[in-house]
Amino acid sequence: MHAVDGVSFDILNGETLGLVGESGSGKSTTGYCILQLMRPNSGSVRFEGVELTELKGESLRRMRRRMQIVFQDPYSSLDPRMTVGNIVAEPLIVHSVSNRKERRARVRELLDTVGFDPSFTNRYPHEFSGGQRQRIGIARALALSPDLIVCDEPVSALDVSIQAQILNLLKDLQDQFGLTYLFIAHDLSVVRTMSDRIAVMNDGKIVEIGDAQYVYSHPREEYTRALLKAVPIPDPRKMKERKQERRQLQKSLADG
Amino acid sequence: MTAFIVRRLFWTLPVILIVIFFTFVLMRQIEGNPFRTSERNVPESIQQNLEEKFGLNDPWYVQYAKYVKGVFTLDLGPSLVLRGRDVNDIVREHFPESLELGGLAMLFALVVGIPLGMLSALRANSFLDYTAMFFSNVGFAIPSFLVATLLIYFFALQWGDVFGFPTSGWTTWQSKVLPSLALGLGPMAYFARLTRGTMLETLQQDYIRTAKAKGLRWRRIVAVHALRNSLIPVVTAAGPILGFLITGSFIIEQIFAIPGIGRYYVTAVTGRDYSVVMGLTVLLSIIVILANLVVDILYGILDPRTREART
């Protein structure tokens, strides 16, 4: 059984590569394989020419300073027994990048950067809303000043009203720190606002990759077209037509 | 936190009153009486005098009120059977042994059980895991009197020259090893199984993956993130277990001839020694209540989410 097979792409320095696809298409698995949170059975992941799949133990651990991840679920991905301050400070501790005093200042600075009130460092994650918790997760990912951040559906667990805030924050941070993003999402409109280029995944394979605007306006693959038709539009009459079109597309996909 | 502890201590009072009440009523429901047993051939007039002396002819509510008053002035009354001894003496002389035995057994259970469960979880489905869990199952299933007998047979008799453990008594440290092991084996196996289960579950959590992504060493992930989150069910179970262990085990004390309180408890029940039964029951319930209080305090330390709910 292969969840992901034959996936090949490059991410350019400073760009955002959007990775879209329906649930179970292997988007997150791909993200985890890049960061070696899951080990691919075969294949190659290179980061600035370094082969990550061959790194082990200490050298891999050190590599994690350069590449981080923002997880999908801001509820389960934060240790409930740790204070906000400790969550953000822990990467700094384990990579011993600063002393205690510097660390405190850095944690406050990071929280401030992501729009989280730094006076709440002694509180626990359960005291905050999903959006606030996701800000904690982002501050944690930024702590070591990484170059690459994998954003694994960072807004799909959040309220629609909060989603835009977090997306804007991620964009601002990218400009500010020159970050490179692999932006994973199943929501095409979200990916569109974020990405320079887009890769479309289906069933563990990349079916289409290209310039973001281009993929949207001229989808080459039928699967991409079906996916685009799934984006809801705020007009019930048009929505009805689209559902009709989508059904036909899905039918032809199933037959072909 | 202080307010919480004070409030909890205050609530132990009605609990103790209820315990006294039920023990009192239940003991009086049992057939017989400390002075009218078939083994003792006491003349009728002496029996009546004795009953008069210990107030057994008073209405039950008078006896009950007298007893409650005694408990709150820390006087548990005289033993009705053992002449010239009161319950306070029995507790003072024999409770320390039971406390030490139970404490050592608990220490053994925690110090061996939790790491064993952790190792099993970290090496899940390995040979080590299967071996550890096999022995945990066995340890949990064998009754303590059999464990005690086997320990004596092998470590005190067969290989007694090598180990030098005596077969009974409670004096030197050597004499304390086998009883503690025999009493602690069951809880130890229980803690090991419990820790393994919760640890396996914790290791599946998303925040463990987060910790990995942060670049933590595996050892730190286990010690800081996994263990702390896994210990809550273990702490929950540990409270009552500690209570039962230190309040004396009749079987273990009997087998190893340890002068603990467990033996008095059982002989007091069969001899209808009302005041001894009542006194020990009250003592044991206070201990169980205190053990649970400690558990609740530990919760707050281990799990910040339970903290504000109670202040």
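Chains A and B are the protein sequences, given in the same order. Residue 106 in the numbering used here sits at position 106 of the first sequence; the count goes up by one each step and never skips. Residue 1066 in the numbering used here sits at position 66 of the second sequence; the count goes up by one each step and never skips. Beta carbons are placed, not taken as given, at the ideal position from N, Cα and C, and that holds for glycine.
> Helix, strand or coil: which one does DSSP assign to Val70(A)?
Replying inline: Start at 1 with the first residue of the first sequence, and residue 70(A) comes out as number 70. Here Val70(A) sits in strand by DSSP.
> Of all Cβ atoms in chain B, is any one closer than 7 Å to the Cβ of Ser265(A)?
Replying inline: This structure cannot speak to residue 265(A), because chain A is shown only from 1 to 256.
> For Val1282(B) versus Val1269(B), is the C-beta distance shorter than 7 Å?
Replying inline: Numbered from 1 along the second sequence, position 282 holds the residue referred to as residue 1282(B). Numbered from 1 along the second sequence, position 269 holds the residue referred to as residue 1269(B). Not closer than 7 Å, so no.
>> Can you give me the C-alpha to C-alpha distance between Ala1105(B) and Asp159(A), rounded to a whole angstrom?
In response: Residue mapping note: residue 1105(B) aligns to position 105 of the second sequence, counting from 1. Residue mapping note: residue 159(A) aligns to position 159 of the first sequence, counting from 1. Just so you know, the alpha carbons of Ala1105(B) and Asp159(A) end up roughly 52 Å apart.
>> Under 8 Å: do the segment 1213-1229 of chain B and the segment 1125-1142 of chain B share three or more Cβ pairs, one atom per stretch?
In response: Counting Cβ pairs under 8 Å, fewer than three are found: no touch.
> If you check the beta carbons only, do Pro1233(B) and Thr1198(B) fall under 7 Å apart?
Replying inline: Stepping through the second sequence from its first residue, residue 1233(B) is reached at position 233. Stepping through the second sequence from its first residue, residue 1198(B) is reached at position 198. Yes.
> Could you give the C-beta distance for Gly137(A) and Pro80(A), rounded to a whole number, given that I count them as a contact under 8 Å?
Replying inline: Position 137 of the first sequence, counting from 1, holds the residue named residue 137(A). Position 80 of the first sequence, counting from 1, holds the residue named residue 80(A). Going by Cβ atoms, the distance from Gly137(A) to Pro80(A) rounds to 14 Å, so no, they are not a contact pair.
> Alpha carbon to alpha carbon, how far is Pro232(A) from Thr30(A)?
Replying inline: Walking along the first sequence from the start, residue 232(A) turns up at place 232. Walking along the first sequence from the start, residue 30(A) turns up at place 30. Whole-angstrom Cα-Cα distance: 26 Å.
> Excluding the five sequence neighbours on either side, which residues of its own chain have a C-beta within less than 7 Å of the C-beta of Leu78(A), listed in chain order?
Replying inline: In the first sequence, the residue the question calls residue 78(A) occupies position 78. Closer than 7 Å at Cβ, skipping near neighbours: Ile87, Pro125, Arg133, Ile136, Gly137.
>> Check this for me: beta carbons of Met201(A) and Gly26(A), under 7 Å apart or not?
In response: Reading the first sequence from its first residue, position 201 is the one you call residue 201(A). Reading the first sequence from its first residue, position 26 is the one you call residue 26(A). Contact annotation: Met201(A) and Gly26(A) have beta-carbon atoms nearer than 7 Å.
> Going by other Cβ atoms of all chains shown within 10 Å of its Cβ, with 16 needed for buried, is Ile1114(B) buried or exposed?
Replying inline: Along the second sequence, read from residue 1 onward, the residue named residue 1114(B) stands at position 114. In summary, Ile1114(B) is buried, with 16 or more beta-carbon neighbours lying within 10 Å of its beta-carbon over all protein chains present.
>> Considering only their Cβ atoms, is the gap separating Leu35(A) from Ile69(A) smaller than 7 Å?
In response: Here residue 69(A) refers to the residue found at position 69 when the first sequence is read from its first residue. Here residue 35(A) refers to the residue found at position 35 when the first sequence is read from its first residue. In this structure, Leu35(A) lies closer than 7 Å to Ile69(A) by Cβ.
> Taking contact to mean at least 3 C-beta pairs separated by less than 8 Å, is the segment 88-95 of chain A in contact with the segment 145-154 of chain A?
Replying inline: With the cut-off at 8 Å, the segment 88-95 of chain A and the segment 145-154 of chain A do not touch.
> Per DSSP, Asp112(A) forms a beta bridge with which residues?
Replying inline: Here residue 112(A) refers to the residue found at position 112 of the first sequence. Beta-bridge partners assigned by DSSP to Asp112(A): none are found.
> In chain A, which residues lie less than 7 Å from Asp1206(B) when you measure between Cβ atoms?
Replying inline: Indexing the second sequence from 1 puts residue 1206(B) at position 206. Result: Phe71, Asp73, Ser76, Ser77.
>> Tell me whether the segment 1176-1189 of chain B and the segment 1087-1107 of chain B touch, counting them as touching only if at least three CB pairs, one residue from each stretch, are closer than 8 Å.
In response: Using a Cβ-Cβ distance cut-off of 8 Å, the segment 1176-1189 of chain B and the segment 1087-1107 of chain B are in contact, since at least three pairs of beta carbons, one from each stretch, lie closer than that value.
> Can you give the Cα-Cα distance for Cys33(A) and Asp152(A), rounded to whole angstroms?
Replying inline: In the first sequence, the residue the question calls residue 33(A) occupies position 33. In the first sequence, the residue the question calls residue 152(A) occupies position 152. Answer to the nearest angstrom: the Cα atoms are 12 Å apart.
> Under a Cβ-count criterion, where at least 16 other Cβ atoms within 10 Å of its own Cβ denotes burial, should Lys240(A) be classed as buried or exposed?
Replying inline: Residue mapping note: residue 240(A) aligns to position 240 of the first sequence, counting from 1. For Lys240(A), the number of other beta carbons within 10 angstroms of its own is below 16, and it is reported as exposed.
> How would you list, in chain order, the residues of chain D whose beta-carbon sits under 7 Å from the beta-carbon of Arg1219(B)?
Replying inline: You won't find chain D in this structure, because its protein chains are A and B.
> Does any residue of chain A bring its CB to less than 7 Å from the CB of Ile1241(B)?
Replying inline: Your numbering for residue 1241(B) matches position 241 in the second sequence. Residue contact check for Ile1241(B) against chain A: no CB pair falls below 7 Å.
>> Is the beta carbon of Ala212(A) closer than 7 Å to that of Arg197(A)?
In response: Taking the first sequence and counting its residues from 1, one reaches residue 197(A) at position 197. Taking the first sequence and counting its residues from 1, one reaches residue 212(A) at position 212. Cβ atoms of Arg197(A) and Ala212(A): closer than 7 Å.
>> Between the alpha carbons of Ser23(A) and Leu227(A), how many angstroms are there, rounded?
In response: Translated into the one-based positions of the first sequence, residue 23(A) becomes position 23. Translated into the one-based positions of the first sequence, residue 227(A) becomes position 227. Ser23(A) and Leu227(A): Cα-Cα distance of roughly 12 Å.
> Who are the near neighbours of Met67(A) in its chain, counting only those whose CB is closer than 8 Å to its CB and skipping five residues on each side?
Replying inline: In the first sequence, residue 67(A) corresponds to position 67, counting from 1. If we look at Met67(A) and ignore the five residues flanking it on each side, its Cβ neighbours are Ile34, Leu35, Phe47, Pro146, Asp147, Leu148, Ile149, Val150.
>> Counting only Cβ pairs nearer than 8 Å, list the residues of chain B close to Pro80(A).
In response: Mapped onto the first sequence, residue 80(A) falls at position 80. Within 8 Å of the CB of Pro80(A), the CB atoms of chain B belong to Tyr1207, Asn1229, Asp1303, Pro1304, Arg1305, in sequence order along the chain.
> If contact means a Cβ-Cβ distance below 8 Å, which residues of the segment 1083-1101 of chain B contact chain A?
Replying inline: Under the 8 Å Cβ criterion, the segment 1083-1101 of chain B contributes no residue.
> For Phe47(A), which three-state DSSP category applies?
Replying inline: By one-based count along the first sequence, residue 47(A) stands at place 47. If DSSP states are grouped into helix, strand and coil, Phe47(A) belongs with the strands.
> In the structure shown, what three-state DSSP assignment does Asp172(A) receive?
Replying inline: Here residue 172(A) refers to the residue found at position 172 of the first sequence. In the structure shown, Asp172(A) sits in a helix (DSSP, three-state: H, G or I).
> So, are the CB atoms of Thr1023(B) and Gly1117(B) less than 7 Å apart?
Replying inline: Taking the first residue of the second sequence as position 1, residue 1023(B) is located at position 23. Taking the first residue of the second sequence as position 1, residue 1117(B) is located at position 117. The beta carbons of Thr1023(B) and Gly1117(B) sit no closer together than 7 Å.
> Got a sec, what are the start and stop residues for the beta strand (DSSP E) Arg1123(B) sits in?
Replying inline: Locating residue 1123(B) in the second sequence gives position 123, where the first residue counts as 1. Boundaries cannot be given for Arg1123(B), as no beta strand (DSSP E) includes it and DSSP labels it neither H nor E.
> Which chain B residues are close to Val107(A), counting only those with a beta carbon under 9 Å from its beta carbon?
Replying inline: Within the first sequence, residue 107(A) is the residue found at index 107, counting from 1. By Cβ distance, chain B contributes nothing, its closest Cβ being about 14 Å from Val107(A), past 9 Å.
> CB-CB under 8 Å to Leu55(A), same chain, minus the five flanking residues each way: which ones, in chain order?
Replying inline: Working through the first sequence from its first residue, we reach residue 55(A) at position 55. Gln36, Met63.
>> Pull the bridge partners of Leu19(A) from the DSSP assignment, please.
In response: Along the first sequence, read from residue 1 onward, the residue named residue 19(A) stands at position 19. The secondary-structure analysis by DSSP pairs Leu19(A) across a beta bridge with Ile184(A), Ala199(A).
> Of all Cβ atoms in chain A, is any one closer than 7 Å to the Cβ of Leu1076(B)?
Replying inline: Working through the second sequence from its first residue, we reach residue 1076(B) at position 76. Leu1076(B) has a beta carbon lying at 7 Å or more from every beta carbon in chain A.
>> Does the contact criterion of 3 or more C-beta pairs under 8 Å hold for the segment 1245-1257 of chain B versus the segment 1049-1060 of chain B?
In response: Taking 8 Å as the limit for Cβ pairs, the verdict is that the segment 1049-1060 of chain B does not touch the segment 1245-1257 of chain B.
> Pro91(A) touches chain B at which residues, Cβ-Cβ below 7 Å?
Replying inline: Working through the first sequence from its first residue, we reach residue 91(A) at position 91. What Pro91(A) touches in chain B: Lys1214, Gly1215.
> Taking the alpha-carbon positions, what's the Asp1303(B) to Val1235(B) distance?
Replying inline: Walking along the second sequence from the start, residue 1303(B) turns up at place 303. Walking along the second sequence from the start, residue 1235(B) turns up at place 235. Computed Cα separation, rounded: 11 Å.
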